[in-house]
Amino acid sequence: MIKDYLRQQTLRALQRAGAQADPALVGFERPKQAAHGDWSTNVALALAKQRRENPRQLAEAIVAGMELDPDLVEKTEIAGPGFINFRLSQRWLYRELAGLLALGPRYGRSDIGNGKRVQVEFVSVNPTGPLHVGHGRGAFVGDAIARLLQCTGHDVQKEYYVNDAGNQIDKLGRSVLARLNEIWGRPFEFPEGGYQGEYLKAYAKGLDSDQGGRLQALPPGELLSEVTRISREGMLAQLKSSLKDLKVEFDNWFSETSLVESGAIKGSLDELEQKGYIYEQDGAVFFKATEFGDEKDRVVVKSGGEHTYFAADIAYMKDKFGRGFDRLIYVWGADHHGDVPRMKGAARAMGHDPDSLEFILMQMVRLIEEGREVKFSKRSGVIVTLDELRDDVGPDVMRYFFLMRRSESQFDFDLDLARKHSDENPVYYVQYAHARIRSILAHAAEKGVARAAGELALLQEPEEAALIKALLEFPELVAGAAAAREPHRIPTYLQELAGIFHNFYHQHRVVTDDAKLSNARLDLCDATRTVIANGLALLGVSAPEKM
RNA sequence: GCGCCUGUAGCUCAGGUGGAUAGAGCAUCUGCCUUCUAAGCAGAUGGUCACAGGUUCGAGUCCUGUCAGGCGUGCCA
């Protein structure tokens, strides 16, 4: 990358100027103002402080020692208090643009990850009911982070942890059975703390019409376990299909039950006990989380003999490490942030680096309609489900909206805006640019423009240069978004890029009688289309041919 | 009480490792479709970056404190 080249050359120039600099001190950035060039470094300012020299004089000495390839850098100048600004050569821009066109769908990919094995676990909602909007954020952010990591050369596995062992599943079974008994006219009592939602009434109704006869004939002793089994699988199937409809797919669905059955939970607890991190008190078994900075010790086995979620989480983590992942990413709702210290503690207790566990904490989501928070769906009367929202606004809008914001901020999903099929809706702004380019390319073909590799050097207009520069930022942007686990940088960039393109489009005609210039501009359009499509793909949003 | 997150234009939000004159969309106002998609473009209005200190040549960004909002603080999940 050009940034690395500039950094290297600057360090060499520093040596020639007789200055030693910690490479970490050499900061490079893209100036906000075009007048300040394409790249800028603050070395002189940083070093001047250490050496108590005049920063501008130091900058001059550094620039004097520069041996830059004129094919890459056109001009170097000193500005302000001592910034060194670089202006890249036109030739460099055209060469990079040609590289972009050659890479096509692969443009933006890199091998920064070096094949590092990363697991991203997300959603992991109990299979006891439908997904609601709050879960959507985790689903899309987890999915987008996985896509970003894949794109930057990581070996990524997406996993969903299915809590199918505890008493939640038990309650699910009892709740469904109660609804069935209700339908069958048998006496029933709704379980305490059971799932009251309408969706289970509907589910029970469906279950009854499918296999009500068979179930009714079962001996009472078998009925509950059979209903529980069927409901668990049924709910899980619904989760899978809801997520698939939103283009969220997993490589693996990991069952908590498997940890129980394999003895993995007991095994992990034994290991911790051997290492001295376990004790018993009041009939319960505790993990000494306080030894690792947690506020209090945490129960792993309740006095009733049942393991806690935490105990299963420990065994699950051990299993993940056992599968050879270098890094485990957990995408969680911020309401679970309190669990982070105990997880890191458990990792350390078992001899793993706690820094290899990474937690992405997502703040709450609110649905806003006509300026007010929507808590319940008008259709079903209960919480608004992801399925309902999808039917309402469509998957592209959902994905884009949920990925627009930083995870750390609370997020208001503006239903009225999301429903608008107009320029006010940011998704369409970006998609429109893509569709518009498709249309231009089609128009050129219709006009019989003989497509040939364009002479990119014909792109001399300022709007063209601005567009090319924006396109060339993409790989670095992707790398940064992946490293920071911040998918929201992609929509921000795409909106800016689309704006720069629309501006170019209004200033200059692409298809004209000048065949050479037309071809160069068609190449520029195609490059823009490629970057928009690649960016949208990272978000899982479609890039439409027409709108 | 303690812990985590947040506070930037009227509204919703961006602002990579501290940098040069703080940005976008919506809203309001003014222009632009016989020419490749007006779901578009250009321009205008709009800011004590919650507040107070501190570090620094330089702070929206880092540190401390205060205020406000959200979440958490279970042998719940």
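To convert, count from 1 in the first sequence and add 1285; that's my numbering. All C-beta atoms in this analysis are idealised placements derived from N, C-alpha and C, irrespective of residue type, glycine included.
Query                                                                                                                       : Result
Q1566 - DSSP class collapsed to helix/strand/coil                                                                           : strand
Bridge-paired residues (DSSP) for F1696                                                                                     : V1650
Ordered list of alpha helix (DSSP H) runs contained in the stretch 1736 to 1775, each at least 4 residues                   : 1747 to 1757, 1759 to 1769
Cβ-Cβ distance between K1831 and A1720 below 7 Å                                                                            : yes
Selected residue, minimal CA-CA separation from D1699, among V1678, A1718, S1692, Y1713                                     : V1678
Contact set for T1797: own chain, Cβ-Cβ below 6 Å, skip 5 residues either direction                                         : S1803
Chain-order list of residues whose beta-carbon lies under 7 Å from that of A1320 (same chain, five-residue window excluded) : none
Close-in-space but distant-in-sequence residues of the same chain around V1441 (CB under 7 Å, 5 per side omitted)           : V1403, V1405, A1431, L1434, Q1435
Cβ-based burial, G1623 [other Cβ within 10 Å; buried from 16]                                                               : exposed
Alpha-carbon to alpha-carbon, V1682 and Q1780                                                                               : 14 Å
Enclosing beta strand (DSSP E) for V1616 [first to last residue]                                                            : 1612 to 1618
Distance, I1468 Cα to A1429 Cα                                                                                              : 43 Å
Bridge-paired residues (DSSP) for I1397                                                                                     : Paired residue(s): none; I1397 is not in a bridge.
Cβ pair V1795, R1806 closer than 7 Å                                                                                        : yes
Whole runs of the beta strand (DSSP E) within the stretch 1295 to 1336, excluding any shorter than 3 residues               : 1324 to 1326
Simplified DSSP state of S1540, which is helix, strand or coil                                                              : strand
Of the listed residues E1761, I1775, D1307, K1490, nearest to D1396 (C-alpha basis)                                         : E1761
Any 3 or more C-beta pairs closer than 8 Å across the stretch 1359 to 1373 and the stretch 1320 to 1330                     : yes
Backbone CA spacing between P1626 and G1589 [nearest angstrom]                                                              : 25 Å
Start-to-end residues for the beta strand (DSSP E) that takes in Q1404                                                      : 1402 to 1406
Alpha helix (DSSP H) runs wholly inside the stretch 1776 to 1800, at least 4 long, in chain order                           : none
Alpha-carbon spacing of V1461 relative to D1811, whole angstroms                                                            : 55 Å
Between the CA atoms of V1650 and A1450 - distance to the nearest angstrom                                                  : 28 Å
Selection from E1673, V1669, L1652 that minimises the alpha carbon distance to D1701                                        : L1652
Residue interval of the beta strand (DSSP E) (run including T1361)                                                          : 1358 to 1364
Y1615 and F1644 closer than 7 Å at C-beta                                                                                   : yes
Per DSSP, the bridge partner or partners of K1443                                                                           : V1405
Residue from A1522, M1286, L1531, A1631 with nearest C-alpha to D1672                                                       : L1531
Exposed unless 16 or more other CB atoms sit within 10 angstroms - verdict on L1503                                         : exposed
Nearest-angstrom Cα separation, counted from I1454 out to F1407                                                             : 20 Å
CA nearest to the CA of R1471, picked from Y1445, H1439, P1505                                                              : P1505
Cβ-Cβ distance between F1696 and R1633 below 7 Å                                                                            : no
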